[in-house]
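Shown next, in structure tokens, is the structure this report addresses.
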Amino acid sequence: MIFDPHSLSALVIPVAQAAEEAQAGGPAATLGLNAKLFIGQLVNFSILLLVFWKWILPGITKGLQKRTERIEKSLSDADRIEKEKAEFEQWRQQELGKARQEASGIIATAQADAGKIKDATLHQTKEEQQKLIEQARKQIENDKQQAIQSAKTELADLITGAAEKVLRKKLDAKADQELIKDSLKSI
């Protein structure tokens, strides 16, 4: 059945005429009840209900169903996104923990290496100090030996010179004493 607006107006006009007749008389008319008018209104309501049911309601139902599906999809997407967010946060926390552990390991290794380098440097420095001290001792010993040798040589020369002077002048004890004093002054 196809809706035709002309057929509706053909039905409404007789209903309006029935309403005019109902106003003309009767106790039911005073109460506003007219059987023909009531039947006409019932037919009009039935036609409107049929039009609503046949053409309008399916469109509204489809629109509401699509909207419900969109809302359900949005809710499921929101739940999925929330789960993914929680999983990502958990993964991020794990990665941060791993990074912190690696950083701690690197720092510990670096500190251990720095300690080893420090100890090696101190040991090397002490060895170099010992070598320098040993070289200085040897140098001092050599200088001491040279000084002693030089002193011995000079002393031998002095003694030899003094002995020559004593042997040349062996005159008396008084001259001997003067010669010794002179030799001692020259030393």
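16 is the number of the first residue of the sequence shown in the working numbering; add one for each residue after it.
Just so you know, even glycine gets a beta-carbon here, dropped at the ideal spot from N, CA and C.
Fair warning: this is a prediction, and the values are worked out from it, not measured in the lab.
Could you check if residue i is buried or exposed, using at least 16 other CB atoms within 10 Å of its CB as the buried criterion?
i    : result
N49  : buried
L111 : exposed
G130 : exposed
L52  : buried
P73  : exposed
G55  : buried
Q192 : exposed
S201 : exposed
Going by DSSP in three states, residue i sits in which element: helix, strand or coil?
i    : result
L65  : helix
N59  : helix
M16  : Bear in mind that a pLDDT of 46 at M16, under 50, signals an unreliable position, so the number given afterwards is only what the model happens to contain. Three-state DSSP puts M16 in coil, outside helix and strand.
L147 : helix
N157 : helix
L48  : coil
A37  : Any reading at A37 is ruled out, since the residue's pLDDT is 48, under 50, leaving its predicted position unreliable.
Does any heavy atom of the ligand HEM sit closer than 8 Å to the C-beta of residue i?
i   : result
T76 : Summarising the ligand content, the structure contains no ligands, and the ligand HEM is consequently not present.
Assuming residue i contacts residue j under a Cβ cut-off of 8 Å, what Cβ separation, rounded to an integer in Å, is found between them?
i    : j    : result
A177 : S198 : 4 Å
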